[in-house]
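Asker: Sequence positions in the sequence shown follow the working numbering and run 36 to 460.
Every residue, glycine too, gets a C-beta built ideally from N, C-alpha and C.
Computed from a prediction, not measured in an experiment: that's the story for all the values here.
Here it is: the structure, laid out below.
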Amino acid sequence: MTPSRVLLLEAAGPESTALAAAAVASGHQVHAATDPTTHATYPPDLKALLTGSLLTDFTRPGQALNDIIGYARRIGANALLTANEYLTELLAHACAALGLPGNDPDRAHAARNKAAMSEAFAAHGIAAPRTRIAGDEDALRRLLAAGKIGFPCVVKPADAAGSAGVTIARTPAEAVTAWRAARAVRGMYGLPLDSRVLVQEYADGTEYSVESVTQDGQAAHLCTTAKTVTAGMHRVETGHSLPAALPLHLEHAVHRQVERAIAAAGIQNGASHTEVIVSPDGRCTVIEIAARLGAGHIGFLLQHALGIDPWTALWDTALGRPADLTPTRRAHAAVRFLTAPGTGRLAAVHGLPQPGPGIPAVHLRRAVGERVEAPRANRGRLGHFIVTSPDAAAAERRADHLLAQVTIQVTPEEAVQPKRVGAGT
């Protein structure tokens, strides 16, 4: 197979780094497009994987698109790919301009912007939460005054990612506070975001995601992932487990809704991560879809549990080649995320498991002394570990047992602030 030159829109992050490593292992030359600030943080082992880099300004999408197209033509790129939520729409337009396999650029906005997504879901008859859009706080108050918002409700920014700014509100006062929190969210790279806020009906049930790869408009579903989330106002994911077993009739019903969502978002060539809630009576509600592989180490869980190499499969999809998505093992894998019990400085982490049989990965991403916060979004995680087992229940029990052994100590910020000395002392 002839080596190719491939361009990765952003190489930072575990999923992106895995894509770069898989491309190099396949003999491809890997280039990355990023911004100067992020590029400066690339570790040496990541830089060693790259043949070249394009530095661009993602806050100017039109200029960034021209830069990417020009660079891809200069290097003779055979494929473009991203694992970055904020760059999926840019990727679709770049692939279309270059004549490379990608997603429908006219629908790509619906895979990024939650307001556009809700409209696309409605147009395609997808079972999704009823959504109201509040462009400003007065609009929200008018909706509240008219009784058009029921409680509890979900308040979220139109254009963010990783559960940032998402709040479960149970009263009108909480809805106003949640709206302000959603408006305060800032995008990666300093990207300008849609300032509108969505208010959605609350869907009660069990949370899952469906991991899929689509080629030439035909979707293959790799597995269903079960979610562990926090309770309360901020539903932050604290764990994933796969493959989740659903009754066959329910799995088919979920897949039908997911396939409609994939079509609505114009996903034609590439991964998708569709979040759904299954109610106690078996109804499936599609919450969101993303035109990328699931984050939170889901790609690594696929490798450990099913023996699927999603990274190579995604490059093959981007290159227009048949992707090998056949499971080579039937095991189970679970990840548990470490979160801070409060806001302050990380003082200590005790009881972290050690890598070994059935624990293929343990990673602490925050150092003692760093500022940490109680989880309000997925990016607040302190680290993670992965557990594998031939048995699903055994994997869950071990993951939860190990998590219970971990103690995270945080020194409140007021306890580490230097005392102010008055003028008369």
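Residues in the same chain with beta-carbon distance under 7 Å from A383, minus the five sequence neighbours each way, listed in chain order, please.
Answerer: In the sequence shown, residue 383 corresponds to position 348, counting from 1. Cβ neighbours of A383 beyond the five flanking positions: V403 and Q444.
Asker: What are the start and end residues of the alpha helix (DSSP H) that includes I161?
Answerer: Stepping through the sequence shown from its first residue, residue 161 is reached at position 126. Looking at the DSSP string, I161 is not in any alpha helix (DSSP H), and its letter there is neither H nor E.
Asker: Quick check on DSSP: helix, strand or coil for E272?
Answerer: If you number the sequence shown from 1, residue 272 lands on position 237. Of the three classes helix, strand and coil, the one that applies to E272 here is strand, per DSSP.
Asker: For the alpha helix (DSSP H) containing T212, name the first residue and the last one.
Answerer: Within the sequence shown, numbered from 1, the residue matching residue 212 stands at position 177. Note, T212: alpha helix (DSSP H), P207 to R218.
Asker: Taking only runs that begin and end inside the region 255–340, name each unbroken beta strand (DSSP E) of 3 or more residues, in chain order.
Answerer: With a minimum length of 3 residues, the continuous beta strand (DSSP E) runs that stay inside the region 255–340 are 272–277, 305–313 and 319–325.
Asker: What would DSSP say about P79, mapped onto helix, strand or coil?
Answerer: The residue labelled residue 79 in the question sits at position 44 within the sequence shown. P79 falls in the helix class under three-state DSSP.
Asker: List the whole-angstrom C-beta distance separating A375 from A143, where the pair is believed to meet the contact cut-off of C-beta under 8 Å.
Answerer: Here the question's residue 375 lines up with position 340 in the sequence shown. Here the question's residue 143 lines up with position 108 in the sequence shown. Going by Cβ atoms, the distance from A375 to A143 rounds to 35 Å, so no, they are not a contact pair.
Asker: In the DSSP output, what is S88 paired with across the bridge?
Answerer: Counted from its first residue, the sequence shown places residue 88 at position 53. According to DSSP, which records beta bridges pairwise, S88 is partnered with A67.
Asker: Where does the unbroken alpha helix (DSSP H) through V245 begin, and where does it stop?
Answerer: As a working mapping, residue 245 is identified with position 210 in the sequence shown. Unbroken run through V245 is the beta strand (DSSP E), T241 to Q250; no alpha helix (DSSP H).
Asker: Taking 6 Å as the limit between beta carbons, can you name the residues of its chain near A58, skipping five residues before and five after?
Answerer: By 1-based counting over the sequence shown, the position of residue 58 is 23. If we look at A58 and ignore the five residues flanking it on each side, its Cβ neighbours are V41, V65 and W350.
Asker: Taking the straight line between their C-alpha atoms, what separation do you get for S39 and T259?
Answerer: Reading the sequence shown from its first residue, position 4 is the one you call residue 39. Reading the sequence shown from its first residue, position 224 is the one you call residue 259. Cα to Cα, the separation comes out at about 32 Å.
Asker: Suppose the cutoff is 8 Å on Cβ atoms and the five residues either side in sequence are ignored; what does the same chain contact list for L122 look like?
Answerer: Position 87 of the sequence shown, counting from 1, holds the residue named residue 122. So the list reads L44, E45 and F93, once near-sequence residues are dropped.
Asker: Going straight from the alpha carbon of H339 to that of L85, what length do you get?
Answerer: As a working note, residue 339 is residue 304 in the sequence shown. As a working note, residue 85 is residue 50 in the sequence shown. Their Cα atoms are separated by approximately 26 Å.
Asker: Pick helix, strand or coil for Q440, following the three-state DSSP scheme.
Answerer: To locate residue 440, count along the sequence shown from 1; it is residue 405. Q440 falls in the coil class under three-state DSSP.
Asker: For T363, count neighbouring Cβ atoms within 10 angstroms of its own Cβ and tell me buried if that reaches 16, exposed if not.
Answerer: Indexing the sequence shown from 1 puts residue 363 at position 328. Counting Cβ neighbours within 10 Å, T363 comes out exposed, since fewer than 16 surround it.
Asker: Is the region 266–282 close to the region 247–256, with three or more CB pairs under 8 Å?
Answerer: In short, these stretches do not touch, since the Cβ pair count stays below three.
Asker: Contact between the region 290–301 and the region 229–237 is defined here as three or more beta-carbon pairs at a separation below 8 Å; is this criterion met?
Answerer: Segments in contact, no.
Asker: Which full runs of the beta strand (DSSP E) of 3+ residues lie inside the region 112–169, going along the chain?
Answerer: Runs found: 114–116 and 166–169.
Asker: Only counting the same chain, and skipping five residues up and downstream in sequence, which positions put a Cβ closer than 8 Å to that of G160?
Answerer: Counting from one through the sequence shown, the residue named residue 160 turns up at place 125. Same-chain partners within the cutoff: R295.
Asker: Specify, as a first and last residue, the run of the alpha helix (DSSP H) that A368 falls within.
Answerer: Position 333 of the sequence shown holds residue 368. That residue, A368, is in no alpha helix (DSSP H); its beta strand (DSSP E) goes H367 to L373.
Asker: Could you have a look at A195 and say whether DSSP puts it in helix, strand or coil?
Answerer: Reading the sequence shown from its first residue, position 160 is the one you call residue 195. Reduced to three states, the DSSP call for A195 is coil.
Asker: Which residues in the same chain have their Cβ closer than 6 Å to the Cβ of M223, if we skip the five residues on either side of it in sequence?
Answerer: Counting from 1 along the sequence shown, the entry for residue 223 is found at position 188. Around M223: Y121.
Asker: For A216, which residues from the same chain have a beta carbon less than 7 Å from its beta carbon, with the 5 sequence-adjacent residues on both sides left out?
Answerer: What you label residue 216 is simply residue 181 of the sequence shown in a count that begins at 1. Cβ within range, chain order: G200 and T202.
Asker: Taking 7 Å as the threshold (C-beta atoms), are I103 and A75 in contact?
Answerer: On the sequence shown, position 40 is the one that residue 75 refers to. On the sequence shown, position 68 is the one that residue 103 refers to. Not closer than 7 Å, so no.
Asker: Taking the alpha helix (DSSP H) that R109 belongs to, which residues open and close that run?
Answerer: Translated into the one-based positions of the sequence shown, residue 109 becomes position 74. Where R109 is concerned, the enclosing alpha helix (DSSP H) stretches over P96 to I110.
Asker: Starting from R176, follow the alpha helix (DSSP H) in both directions and report where the run begins and ends.
Answerer: Stepping through the sequence shown from its first residue, residue 176 is reached at position 141. Taken as a continuous stretch (DSSP letters only), the alpha helix (DSSP H) holding R176 covers E172 to A180.
Asker: Can G240 and S314 be called in contact, C-beta distance under 7 Å?
Answerer: As a working mapping, residue 240 is identified with position 205 in the sequence shown. As a working mapping, residue 314 is identified with position 279 in the sequence shown. Cβ atoms of G240 and S314: closer than 7 Å.
Asker: If we ignore side chains and look at the alpha-carbon of each, how far apart do A219 and G197 end up?
Answerer: If you number the sequence shown from 1, residue 219 lands on position 184. If you number the sequence shown from 1, residue 197 lands on position 162. Their backbone Cα atoms lie some 15 Å apart in a straight line.
Asker: CA-CA distance, Q440 and V407?
Answerer: Translated into positions along the sequence shown, residue 440 becomes position 405. Translated into positions along the sequence shown, residue 407 becomes position 372. When rounded, the distance between both Cα atoms is 20 Å.
Asker: Once DSSP output is grouped into helix, strand and coil, what is the label at P49?
Answerer: Reading the sequence shown from its first residue, position 14 is the one you call residue 49. Here P49 sits in helix by DSSP.
Asker: Excluding the 5 residues preceding and the 5 following I168 in the sequence, name in chain order all residues of the same chain whose CB lies nearer than 7 Å to its CB.
Answerer: Looking up residue 168 in the sequence shown gives position 133. Cβ neighbours of I168 beyond the five flanking positions: A150, R231 and L233.
Asker: Go to T423, then tell me how far its beta strand (DSSP E) extends in each direction, as first and last residue.
Answerer: On the sequence shown, position 388 is the one that residue 423 refers to. Segment G418 to S424, the beta strand (DSSP E) holding T423.
Asker: How many angstroms separate the CA atom of P357 from the CA atom of P395?
Answerer: Counted from its first residue, the sequence shown places residue 357 at position 322. Counted from its first residue, the sequence shown places residue 395 at position 360. If you take the alpha carbons of P357 and P395, they lie about 29 Å apart.
Asker: Taking DSSP as the reference, what is the three-state secondary structure of L354?
Answerer: On the sequence shown, position 319 is the one that residue 354 refers to. Residue state, collapsed to three classes: coil.
Asker: If you follow the beta strand (DSSP E) that I203 is part of, which residue opens it and which one closes it?
Answerer: Against the sequence shown, residue 203 aligns to sequence position 168. That run of the beta strand (DSSP E) goes T202 to A204.
Asker: Residue range of the beta strand (DSSP E) that Q235 falls in?
Answerer: For the purposes of this step, residue 235 is identified with residue 200 of the sequence shown, where counting begins at 1. Per DSSP, Q235 belongs to the beta strand (DSSP E) from V232 to E236.
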